[in-house]
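Take a look at the structure set out below.
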Amino acid sequence: MTTTVRRRAQPYALTAPALAVIGVLFVFPAVYNVVLAFQRLSPFESPGDAVWVGFANFSALFRDPQTRTSAVNTVLWLTATTVVLRLVLGMGLALLLQSRVLGRWGLRGVARTLVLVPWMLPPVVAVASWRWLLDANSGVVNQVLVGLGLVDRGIPFLASTDTVWWSVVAIIVWRELPFVVIVLMAGLQSIPQEQYEAASLDAAGRLQSFWYVTVPNLRPVITVIVLVTVIQTFNNFVYVWLTTGGGPGTYTQVLATQLYSAAFIANDLGRGAAIGIVMTCVMAVFAVIYLRVSNEREETP
Amino acid sequence: MTRAPELPAPAPVRPAPSGEHRPQRRGSDRRRASDLLVVVPTFLVLGLIAFPAVWMVFTSLRPPQSLATQVPFTQMFDGLSLEAYSRLFDGSSFGRYVGNSLVVSLVSTACTVVLASVAAYGLSRFRFRLRGSIVLLVIATQLLPFVVLITPIYIAFAEMGLLNSYVGLVVVYTAMTLPLAIVLTLGYFESIPQVLDEAARIDGCSTLGVIFRVIIPVAAPGIVTVAVTTFIATWEEYLFASVLMTTDELKTVQVGLAGYFGEYATDWSLIMAGATVAAVPTLILFAVVQKRIVSGLSAGSVKG
Amino acid sequence: MKRISTTVAAALATTVALTGCGGSSGDSSGGGSSGAQLVFRQFDPANEVQGLQEAVDRWNSENPDVQVEMQTLSPNNIQQFAREANSGSGPDIQQLGFVDVSFVADPGILLPLDDLMASSPMESGPDELLATDMVEFDDQTWALPWTADTMALVYRPDALEQAGLDGPPTTWEELASDAEAISSSSDGQTAGFCFAGAGAATGAQWFAINYYIWANGGNLVEEAAPGDWQPGISEADLASAIDYFAGLFESGATPESYLTVADYSDPSIVNGLSSGSCAMSYEPPQTFDLIDGQAGGSVTTAPMPDGLTDGSTHLGGRALGINANTENPEEAWEFVKYLASETTFESYDQYPASPSTLEALDVPESQQGFVEQLPHSRSFARYIGSPMTVASLQQLVNQQFSAVYSGQATSQAAARAILDGLESGLQG
Numbered sequence: 345m346t347t348t349v350r351r352r353a354q355p356y357a358l359t360a361p362a363l364a365v366i367g368v369l370f371v372f373p374a375v376y377n378v379v380l381a382f383q384r385l386s387p388f389e390s391p392g393d394a395v396w397v398g399f400a401n402f403s404a405l406f407r408d409p410q411t412r413t414s415a416v417n418t419v420l421w422l423t424a425t426t427v428v429l430r431l432v433l434g435m436g437l438a439l440l441l442q443s444r445v446l447g448r449w450g451l452r453g454v455a456r457t458l459v460l461v462p463w464m465l466p467p468v469v470a471v472a473s474w475r476w477l478l479d480a481n482s483g484v485v486n487q488v489l490v491g492l493g494l495v496d497r498g499i500p501f502l503a504s505t506d507t508v509w510w511s512v513v514a515i516i517v518w519r520e521l522p523f524v525v526i527v528l529m530a531g532l533q534s535i536p537q538e539q540y541e542a543a544s545l546d547a548a549g550r551l552q553s554f555w556y557v558t559v560p561n562l563r564p565v566i567t568v569i570v571l572v573t574v575i576q577t578f579n580n581f582v583y584v585w586l587t588t589g590g591g592p593g594t595y596t597q598v599l600a601t602q603l604y605s606a607a608f609i610a611n612d613l614g615r616g617a618a619i620g621i622v623m624t625c626v627m628a629v630f631a632v633i634y635l636r637v638s639n640e641r642e643e644t645p
Numbered sequence: 002m003t004r005a006p007e008l009p010a011p012a013p014v015r016p017a018p019s020g021e022h023r024p025q026r027r028g029s030d031r032r033r034a035s036d037l038l039v040v041v042p043t044f045l046v047l048g049l050i051a052f053p054a055v056w057m058v059f060t061s062l063r064p065p066q067s068l069a070t071q072v073p074f075t076q077m078f079d080g081l082s083l084e085a086y087s088r089l090f091d092g093s094s095f096g097r098y099v100g101n102s103l104v105v106s107l108v109s110t111a112c113t114v115v116l117a118s119v120a121a122y123g124l125s126r127f128r129f130r131l132r133g134s135i136v137l138l139v140i141a142t143q144l145l146p147f148v149v150l151i152t153p154i155y156i157a158f159a160e161m162g163l164l165n166s167y168v169g170l171v172v173v174y175t176a177m178t179l180p181l182a183i184v185l186t187l188g189y190f191e192s193i194p195q196v197l198d199e200a201a202r203i204d205g206c207s208t209l210g211v212i213f214r215v216i217i218p219v220a221a222p223g224i225v226t227v228a229v230t231t232f233i234a235t236w237e238e239y240l241f242a243s244v245l246m247t248t249d250e251l252k253t254v255q256v257g258l259a260g261y262f263g264e265y266a267t268d269w270s271l272i273m274a275g276a277t278v279a280a281v282p283t284l285i286l287f288a289v290v291q292k293r294i295v296s297g298l299s300a301g302s303v304k305g
Numbered sequence: 106m107k108r109i110s111t112t113v114a115a116a117l118a119t120t121v122a123l124t125g126c127g128g129s130s131g132d133s134s135g136g137g138s139s140g141a142q143l144v145f146r147q148f149d150p151a152n153e154v155q156g157l158q159e160a161v162d163r164w165n166s167e168n169p170d171v172q173v174e175m176q177t178l179s180p181n182n183i184q185q186f187a188r189e190a191n192s193g194s195g196p197d198i199q200q201l202g203f204v205d206v207s208f209v210a211d212p213g214i215l216l217p218l219d220d221l222m223a224s225s226p227m228e229s230g231p232d233e234l235l236a237t238d239m240v241e242f243d244d245q246t247w248a249l250p251w252t253a254d255t256m257a258l259v260y261r262p263d264a265l266e267q268a269g270l271d272g273p274p275t276t277w278e279e280l281a282s283d284a285e286a287i288s289s290s291s292d293g294q295t296a297g298f299c300f301a302g303a304g305a306a307t308g309a310q311w312f313a314i315n316y317y318i319w320a321n322g323g324n325l326v327e328e329a330a331p332g333d334w335q336p337g338i339s340e341a342d343l344a345s346a347i348d349y350f351a352g353l354f355e356s357g358a359t360p361e362s363y364l365t366v367a368d369y370s371d372p373s374i375v376n377g378l379s380s381g382s383c384a385m386s387y388e389p390p391q392t393f394d395l396i397d398g399q400a401g402g403s404v405t406t407a408p409m410p411d412g413l414t415d416g417s418t419h420l421g422g423r424a425l426g427i428n429a430n431t432e433n434p435e436e437a438w439e440f441v442k443y444l445a446s447e448t449t450f451e452s453y454d455q456y457p458a459s460p461s462t463l464e465a466l467d468v469p470e471s472q473q474g475f476v477e478q479l480p481h482s483r484s485f486a487r488y489i490g491s492p493m494t495v496a497s498l499q500q501l502v503n504q505q506f507s508a509v510y511s512g513q514a515t516s517q518a519a520a521r522a523i524l525d526g527l528e529s530g531l532q533g
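Chains P, X and Z are the protein sequences, given in the same order. Position one of the first sequence corresponds to residue 345 (our numbering), numbered consecutively onward. Position one of the second sequence corresponds to residue 2 (our numbering), numbered consecutively onward. Position one of the third sequence corresponds to residue 106 (our numbering), numbered consecutively onward.
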């Protein structure tokens, strides 16, 4: 009798410590954030000084014409483009780094360390480096382009609306690529060699064995990667803020920078919390739908 | 306790292309000229990837007057010196900041990995009623912009005396990184068949024993991946470090770096030098760890 | 198991052991049995404040019963100070930017200074201090104006000479035409006027824009009647201000690369001036000092265009506030007075917010532009008190101006957008 009880209690006992740590830190502030969205409070006041304003923060958010632009930017440019690029390039790099070719030359270790290099730079330093590389006047990229005769004068990458989003995307993809590569590499390890051999015996070429062996085996890992990167990127504030500050004009404004501006520049924490709640709801809906769809696909062989 | 079965013999050798006689290397291991078609572009791409970091180091060696000015290529390497580094260590306790960061990051990474492994095992091996909700809850914590957590946590920590202490920051970092660690570890554990658990239990292992002696070693690449991701997340974290550690002796490296940004002047050479120094521990970590990410061929054979 | 449990045990043991190594929570001073221990926090980077540290050391050696520890927490994080003070901790004396004082002018955070000033007055009367309008709210003095700065025109006489100009510009129109002349006559090698044209929320073009608007008789916002704030500039005037600055880029007076520069301390401006690829810009005294040191005598200052007219330039700087939670208010006040005295400014490289103290100092010839302009500068207090924070004003203006530079909007549309933003922001 006691063994069964202990058995049933086990999963709870196993997950409890982690949940306790997470809960202690997240639950109360998360609830407080919901409360805050219905108040007006300045970062300089104590929570006790807050004033109730009902749905005013939310209605202000939806009446603001900037919100629509920010939302579109966040979904299309900030999230979708960078996640897709990271997945494609990350997969390519992970496969390359696994390849036997590199192993023959003993270069795997060097290559794998090199691919992790972008992670060594904190975002502030990474953005600063990139801003100098992209500078219209003194940047290396432009000096090379002009030197090769591809352009007449330097392109102001971060000042021109034609190129600014691609520049921001490049910085984000560059800095966050190691995560995707490293997770995929670990996943590739667990694919049994026999499946590849079976495929080659069936006269499958490289592309087919990739599609029919690699991808299905990696499905759970890819699911996790997409889920995690979408959520983290959607909420991301640092890259856009440091690179362009939302500019030129308001061209690269995203929801997270709008949140920061409301909370810490306009000193209205309530408005910032409201934006945060809306962002959370969008991501929650996405997560639920995404997980349901991927679970279904897993069940159908 | 038995460990996972040893991996089988290497794949059968394919017949070598005619004309190559290198008895020391097996067919599939022979270096070919066509390899360069893969190696060269790969390293070109990797070189491009590493370039901004190289630029950072290069900037730290250049005289501050030359930054952001158009310098002809021939003059770019003039005046390189380690002057910024001597200023870095003379003028501030930067070494101390690196030490603080190392302590906080290593300890919180260890805590996260342990707690996440235990929790992920529970979520992966047992189909219990609250399982789905717990997974969702864990994902839900990722949805919060962390900025809004500062004030409530600050107030609570002030009450508990956890300000300006390693413990406080470690607790925050562990809580911050646990959700992702759990999700990732869960993904890796799922691919490990339960036969291993059963075999270990027959040998008399307790649940914790199964986790730490069988599952984790088999999932080593995944665990190492989680550890690296967690370490980086804590190493580069700025927000909570700046709020919870305000005394000079306890500042972390990111807060220290941010301290070189001034209202009137920003010493970029110093910042790049500091960032280079701060990158060294992560570089060492990567070089040591990159092998472990791809070890464990046994995992693959077991699944078959 | 052994390996893992050893790691875990080691981790836990380390954590527990290091708890003892952590400092105490909060920073508030204690009254030791041997005297008072005060904490003074300032926010300039550590390598810029050796002179200030010297002054603090001098105090410590002369005042064994009131020991002061100088803490550096850079960059400026006023919300951190508010957070700490609101929960009963924080440094005894805190350096505050002028624009931040209004946010923390609250009995829960700062100690009003009037009583202390009455019982232990300063040597020079408080009336002659600059920028008192930035520290006085609700008929109370919340902080002491400590240092003052403004933006002066920084220029290279050799670049002006080469373009055939005999002196720095004194009006904004002259600035634009002089800058264009310099750029074109040097074939683009020397930029006429380099300024931070980025639309970032903290972008430094804010200063030039306001100076231009003030010189032309307007104000972004005005308190038309007590509690009733309105835009203080017409759409047409705003559009022509935008046209002026957009014109600098179009005419080549300012190179395109400055569209992405946000800070006046950006290397492209600082090194541009010291190396000669920039002819003119505007900087505060600290930054000018840095440029001067690099440029070896080839840069100097002059008042900004129209800078000798009262109110056409801004007066910025820092104040000193005393934490409401301090246990040693009288000692803290004595230390504050010391910081504001001439002795400190002998080693501390800033301008005091006290004209009499400033007169007693030796200011190098190249910095005369600041000295001439300071008496005519007026602070941003003209914008304080409205429902919109100065930071929001700055963000709105910078964004819209930058939208025109990058071709996303016409100057009329941007002017309209600014006024709309002002109207909705001023309603609260």
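Built from N, CA and C at the ideal position, the CB exists for glycine as well.
- Identification of chain P residues near Gly96(X) by a Cβ-Cβ cut-off of 7 Å yields none; the smallest Cβ-Cβ distance measures about 17 Å.
- Only buried fits Glu285(Z), as 16 or more other CB atoms lie within 10 angstroms of its CB.
- Between Pro466(P) and Glu237(X), the beta carbon gap of about 5 Å places them in contact (Cβ cut-off 8 Å).
- Inclusion of Val378(P) and Ile621(P) in the CB contact set at 8 Å is warranted, their separation being smaller than that value.
- As for any alpha helix (DSSP H) of minimum length 4 sitting wholly inside the stretch 568-602 of chain P, the runs are 582-587, ordered along the chain.
- Within chain P, the residues Gly589, Gly591, Pro592, Gly593 have their CB atoms less than 7 Å from the CB of Gly304(Z), given in chain order.
- Secondary structure remark: continuous beta strand (DSSP E) runs of at least 3 residues inside the stretch 230-287 of chain X: none found.
- C-alpha of Ala394(P) to C-alpha of Thr457(P): approximately 50 Å in a straight line.
- Residues Asn611 of the same chain have their beta carbon placed closer than 6 Å to that of Ser386(P), with the five preceding and five following residues left out of the count.
- Cβ neighbours of Met385(Z) within its own chain (closer than 6 Å, five residues either side excluded): Tyr260, Phe298.
- Contact check for Ala514(Z) against Ala344(Z) fails: the beta carbons are separated by 8 Å or more.
- Phe241(X) sits close to Leu170(X), with the two beta carbons spaced by under 8 Å.
- Each residue's CA atom was taken as its position, placing Phe147(X) and Met409(Z) some 43 Å apart.
- According to DSSP, Ile427(Z) shares a beta bridge with Ile198(Z).
- Comparing alpha-carbon positions, the option among Ala445(Z), Ala358(Z), Val171(Z), Ser207(Z) lying closest to Ser290(Z) turns out to be Ala358(Z).
- Close to Ala496(Z), with beta-carbon spacing below 7 Å, are these residues of chain P in chain order: Ile609.
- Boundaries of the beta strand (DSSP E) harbouring Phe145(Z): 140-147, taken from the DSSP string.
- Using a CB distance cut-off of 8 Å, Leu144(X) does not count as an interface residue toward chain Z.
- Beyond the five residues adjoining it in sequence on each side, Arg88(X) comes within less than 7 Å, by CB distance, of Leu271 in the same chain, given in chain order.
- Nearest CB-CB separation between Phe129(X) and chain P: below the 8 Å threshold.
- Taking a beta-carbon distance threshold of 8 Å, Trp463(P) counts as an interface residue toward chain X.
- Among the residues of chain P, those whose CB is under 9 Å from the CB of Ala508(Z) are Gly591, Pro592, Gly593, Thr594, Tyr595, following chain order.
- The beta carbons of Ile217(X) and Ser125(X) sit about 13 Å from each other, so the pair does not count as a contact at 8 Å.
- Excluding residues up to 5 positions away in sequence, Ile499, Phe501 lie with their Cβ nearer than 7 Å to the Cβ of Thr507(P) in the same chain.
- Counting only the Cα atoms, Asp348(Z) lies some 41 Å from Tyr453(Z).
- One finds Gly92, Ser93, Gly260 in chain X with Cβ atoms closer than 7 Å to the Cβ of Ala151(Z), taken in chain order.
- The beta carbon of Gly377(Z) falls within 8 Å of a beta carbon belonging to chain X, placing the residue at that interface.
- Straight across, the Cα-Cα distance linking Tyr604(P) with Glu389(P) is about 17 Å.
- Taking a Cβ-Cβ threshold of 8 Å, the residues of chain P close to Ile50(X) are Leu458, Val459, Val461, Pro462, Trp518, Leu521, in chain order.
- Taken atom to atom, the span from the alpha-carbon of Leu234(Z) to that of Thr255(Z) is near 15 Å.
- Taking C-alpha positions only, Arg412(P) is separated from Leu599(P) by approximately 9 Å.
- For Gly381(Z) and Glu241(Z), the gap between their C-alpha atoms comes out near 43 Å.
- Between the C-alpha atoms of Gln602(P) and Ala618(P) there is a straight-line separation of about 11 Å.
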